[in-house]
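Report on the structure given below.
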Amino acid sequence: MKFKTLLASAQTAFENKNWREAADAWEVVLGCAQGSNNPNYLFKGARSMRMAGRSAQAEEYIAKAIDLSADRADLFAEAARISTKAEDWALSAARWDKVAALTGNNRANRSSAWIATVINRAHAHQMLGDFARSEKIVDEEMARGSDTVGLRNAKAAAVAGLMRDDRIATPLAHITPVSKVDIPTICECFWDAERELGLTRFTIEGIYVWPLIRMQTYYRLTQLVGIYDAPHPNHVEKKRQTEVNPATRAVLARMRQTSASTAHASLGSRMKNSMRTLLGGLKRNTKSFTNADIAVLMATRKVQGEELYTLALRQEAGSRALLLDRGQGEKVKEGAVDFDNLVTQFLLRKDKVSDVFVSVEERLVLEGVRTFFENRLNLNLGDLVLVSQKALVQFRAVQQGFVEFWKAHPVERFFLTNAYGVTTRAAMVAAQECGIRTIELQHGFISKYHLGYSWPEQEEVPYAPDELWGFGDYWPHVTPLARGISPRTIGAPYVTGMAEKAKGNSNQNLVVFTSQGVVGRQLVEWAIETAARCPEKEVVFRLHPSEQLETYEQQIGSLEELPVNFSFSHRQPVIFELLAQAETQVGAFSTTLLEGMLLGCRTVVVNLPGVEYMAPVIDRGDALFVKNIDELASRLDEAPRAQDPSYYYAKPVSPLL
20 MKFKTLLASA QTAFENKNWR EAADAWEVVL GCAQGSNNPN YLFKGARSMR MAGRSAQAEE
80 YIAKAIDLSA DRADLFAEAA RISTKAEDWA LSAARWDKVA ALTGNNRANR SSAWIATVIN
140 RAHAHQMLGD FARSEKIVDE EMARGSDTVG LRNAKAAAVA GLMRDDRIAT PLAHITPVSK
200 VDIPTICECF WDAERELGLT RFTIEGIYVW PLIRMQTYYR LTQLVGIYDA PHPNHVEKKR
260 QTEVNPATRA VLARMRQTSA STAHASLGSR MKNSMRTLLG GLKRNTKSFT NADIAVLMAT
320 RKVQGEELYT LALRQEAGSR ALLLDRGQGE KVKEGAVDFD NLVTQFLLRK DKVSDVFVSV
380 EERLVLEGVR TFFENRLNLN LGDLVLVSQK ALVQFRAVQQ GFVEFWKAHP VERFFLTNAY
440 GVTTRAAMVA AQECGIRTIE LQHGFISKYH LGYSWPEQEE VPYAPDELWG FGDYWPHVTP
500 LARGISPRTI GAPYVTGMAE KAKGNSNQNL VVFTSQGVVG RQLVEWAIET AARCPEKEVV
560 FRLHPSEQLE TYEQQIGSLE ELPVNFSFSH RQPVIFELLA QAETQVGAFS TTLLEGMLLG
620 CRTVVVNLPG VEYMAPVIDR GDALFVKNID ELASRLDEAP RAQDPSYYYA KPVSPLL
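Residue 676, in the numbering used here, is where the sequence shown stops; the numbers in between run on with no holes.
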């Protein structure tokens, strides 16, 4: 292929920001004699490599470019970005200093590129611990008349760094490390930090940030220490639909009409213009949902095409319910509003993360959190300021959007599952602002150690639902819910109904291992070994619906031969049909284990991360706890049946409304 053709291909990929393609193309171009010594080509190759995650090659190319042209600020800026990404802060600071020196006499009109240089330079020196120099860099620029949110953030970060010892390190010196990092010690660290630092009342720009980042912080910690894998790691959320379905179209039209008549200040012209652009010439139908007095946000998980957690409620409510479905890229339920599509539209108007100002005091609080966890657990939470800014802009955009939604579609009650997700929480908080009572329907395991629900000894927790309707009395008894949440036991009609349908011939030799994505890779090893040691048993490993079978096939690919009495089960048959036939079920923690009790299964809980969630069940004598594979293989037939399954899954309440 001719060099000009290769070059054109690389240039096109670069301009279109197809970074992987661009990286491959520039590698070929720079391997040719005509391209190997061209600083411009090396620059583009370096940037493509950096954006494609190929840092070593990026550094190689940019270093060669600088050797060829040592007075170009753009080359040093790219070199600085490469070393910043590699967290080589000494090199990053030196390179940003060089950029400033090369452009210092040519910064007309305080261009955004120059301001970015100042901010990046200040940040690099902060990361080296030189807060005084960082502050000086920012002060010099602000003295020249520049005043942006980015500069004010850089100044606040430098000042907070200078104050750290007096305000954080010394006061938190009494926080000493634990001897073992596990689920209980991690959760206790959260609860202690929340009480000592007042995190539930902590705000940035009027938003209560801690409830928004609490769960993702927890998952980050458990993965850092190796307790959990990523939740359902091979389940990739599908892209939200950009095409607007008829029901959603009617809702958006109604919102535009209401917005035009009320001129809500929080969204202003951006909301109106957004709706006008989105709807274009589409025919409006504003009669949809005018009779609804409740709204129901359906869960993402579906069994045989049906979402079960809200099914009984939806059937009872009928036309009284405004339905919002979460198709995650798939077709939503007929007549329902596409929740994900609405969220996508609202996020189009979100602020830039860099436009969120975090004050010195707010930074000191977040640095206090990081220090608290580092002292107690010896784990680094990373940049909590950035994490908070990202959560804030997402939450605020969706919250403001749903304020308009509820104003256009007033209802009395809003039912949802997973009220601790950022976007679902935003929709819930918006409903509360509009005077709508919010009820969360239990959709999974709740315990003292589930930080989406557990708030021990907290006076008040913002952004919590008004009520929690649960499966059985057990769940609120063992979980310290946020004060102000009223629990109600309604049972689980989908469990009892499908349990009745699933009753059939039992197989006394059938043992079902029920997976949870975060411990699935470990649990499958227990299952395979159990099958090998108990050849008289039929061992089935049941995947969580969000897991992928290919994950496990790759994991066990190195095994010479699987036991003939071992098999996988995924999505089919329905889990209740499988458990109805089983004599024994085995797992670490999941609602499936308690659902299996309702079907009469014997229950074994194995010693894997998350077993703490099942401690109350084990203490009641409703499950056998085993410490290792030897104990499991020898004691399978000793596993108990639950004395009173209705404690976990009560008889369904009817009517619900």
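Positions of the beta carbon are idealized from the N, C-alpha and C atoms, including for glycine. As the structure is a prediction and not an experimental result, all values here were calculated from the model.
Simplified DSSP state of residue i, which is helix, strand or coil
{"i": "residue 657", "result": "helix"}
{"i": "residue 697", "result": "Residue coverage of the chain in this structure runs from 20 to 676, which leaves residue 697 outside it and unanswerable."}
{"i": "residue 150", "result": "helix"}
{"i": "residue 142", "result": "helix"}
{"i": "residue 286", "result": "The pLDDT assigned to residue 286 is 43, lower than 50, so where the model puts this residue is not dependable; a value taken from the coordinates is nonetheless given after this. Coil at residue 286, not helix or strand."}
{"i": "residue 341", "result": "strand"}
{"i": "residue 603", "result": "strand"}
{"i": "residue 227", "result": "strand"}
{"i": "residue 610", "result": "helix"}
{"i": "residue 435", "result": "strand"}
{"i": "residue 313", "result": "strand"}
{"i": "residue 293", "result": "The predicted model places residue 293 with a pLDDT of 46, which falls under 50 and marks its position as unreliable; any figure quoted below should be read in that light. Helix at residue 293."}
{"i": "residue 240", "result": "helix"}
{"i": "residue 189", "result": "coil"}
{"i": "residue 258", "result": "Because the pLDDT of residue 258 is 47, which lies under 50, any placement of that residue in the model is unreliable, and the number read from its coordinates should be weighed accordingly. Of the three classes helix, strand and coil, the one that applies to residue 258 here is coil, per DSSP."}
{"i": "residue 588", "result": "strand"}
{"i": "residue 178", "result": "helix"}
{"i": "residue 163", "result": "coil"}
{"i": "residue 624", "result": "strand"}
{"i": "residue 8", "result": "In this structure the chain extends from 20 to 676, so residue 8 is not present and cannot be described."}
{"i": "residue 136", "result": "helix"}
{"i": "residue 325", "result": "strand"}
{"i": "residue 222", "result": "strand"}
{"i": "residue 649", "result": "helix"}
{"i": "residue 90", "result": "coil"}
{"i": "residue 32", "result": "helix"}
{"i": "residue 430", "result": "coil"}
{"i": "residue 467", "result": "coil"}
{"i": "residue 72", "result": "coil"}
{"i": "residue 107", "result": "coil"}
{"i": "residue 318", "result": "coil"}
{"i": "residue 405", "result": "helix"}
Candidates the options: closest to residue i by CA position
{"i": "residue 614", "options": "147, 368, 554 and 533", "result": "533"}
{"i": "residue 82", "options": "223, 357, 99 and 72", "result": "99"}
{"i": "residue 103", "options": "85, 130, 122 and 138", "result": "138"}
{"i": "residue 90", "options": "67, 384, 123 and 416", "result": "123"}
{"i": "residue 215", "options": "525, 477 and 676", "result": "477"}
{"i": "residue 501", "options": "493, 515 and 472", "result": "472"}
{"i": "residue 219", "options": "184, 206, 233 and 207", "result": "233"}
{"i": "residue 324", "options": "353, 339, 235 and 341", "result": "353"}
{"i": "residue 370", "options": "116, 595, 168 and 92", "result": "168"}
{"i": "residue 677", "options": "593, 462, 467 and 85", "result": "As displayed, the chain neither begins before 20 nor continues past 676, which places residue 677 out of reach and without an answer."}
{"i": "residue 536", "options": "62, 246, 366 and 27", "result": "246"}
Beta-carbon proximity of residue i to residue j, cut-off 9 Å
{"i": "residue 361", "j": "residue 314", "result": "no"}
{"i": "residue 395", "j": "residue 196", "result": "yes"}
{"i": "residue 212", "j": "residue 382", "result": "no"}
{"i": "residue 430", "j": "residue 357", "result": "no"}
{"i": "residue 683", "j": "residue 510", "result": "As displayed, the chain neither begins before 20 nor continues past 676, which places residue 683 out of reach and without an answer."}
{"i": "residue 555", "j": "residue 589", "result": "no"}
{"i": "residue 458", "j": "residue 434", "result": "yes"}
{"i": "residue 150", "j": "residue 121", "result": "no"}
{"i": "residue 60", "j": "residue 29", "result": "yes"}
{"i": "residue 627", "j": "residue 587", "result": "no"}
{"i": "residue 525", "j": "residue 600", "result": "yes"}
{"i": "residue 236", "j": "residue 426", "result": "no"}
{"i": "residue 460", "j": "residue 610", "result": "no"}
{"i": "residue 316", "j": "residue 443", "result": "yes"}
Below-9 Å beta-carbon distance, residue i vs any chain C residue
{"i": "residue 140", "result": "Absence of chain C from the displayed structure is noted, only one protein chain being present."}
Check your understanding: Enumerated in chain order, which unbroken segments of the beta strand (DSSP E) with a length of 3 residues or greater are wholly contained in the stretch 472-530?
Key -> 486-489 and 505-508
Review point. Counting pairs of beta carbons, one from the stretch 416-434 and one from the stretch 446-459, are three or more of them closer than 8 Å?
Key: yes
Review point. Any chance the stretch 234-245 sits against the stretch 501-518, with 3 or more Cβ pairs inside 8 Å?
Key: no
Practice item. Jot down the residue ranges of each uninterrupted beta strand (DSSP E) in the stretch 522-586, minimum 3 residues, whole runs only, in chain order. Key: 526-533 and 557-561
Point to revise | Segment contact, 8 Å Cβ cut-off, at least three pairs: the stretch 637-645 with the stretch 549-556 | key: no
Practice item. Report yes or no: do three or more beta-carbon pairs, one from the stretch 628-637 and one from the stretch 595-605, lie closer than 8 Å? Key: no
Practice item. Just list the alpha helix (DSSP H) runs in the stretch 350-382, keeping only unbroken ones of 4 residues or longer that don't cross its boundaries, in chain order. Key: 358-366
Exercise for review: Could you tell me whether the stretch 105-115 touches the stretch 131-147, using the rule of 3 or more Cβ pairs below 8 Å?
Suggested key: yes
**Study point:** At least three beta-carbon pairs within less than 8 Å, the stretch 56-67 to the stretch 28-48
**Key:** yes
Point to revise | the stretch 191-209 touching the stretch 400-418, judged by at least three CB pairs closer than 8 Å | key: no
Check your understanding: Considering only residues of the stretch 35-66, which uninterrupted beta strand (DSSP E) runs meet the minimum length of 3 residues and lie entirely inside it, listed in chain order?
Key -> none
Practice item. Take every Cβ of the stretch 667-674, pair it with every Cβ of the stretch 479-495, and state whether three or more of those distances are shorter than 8 Å. Key: yes
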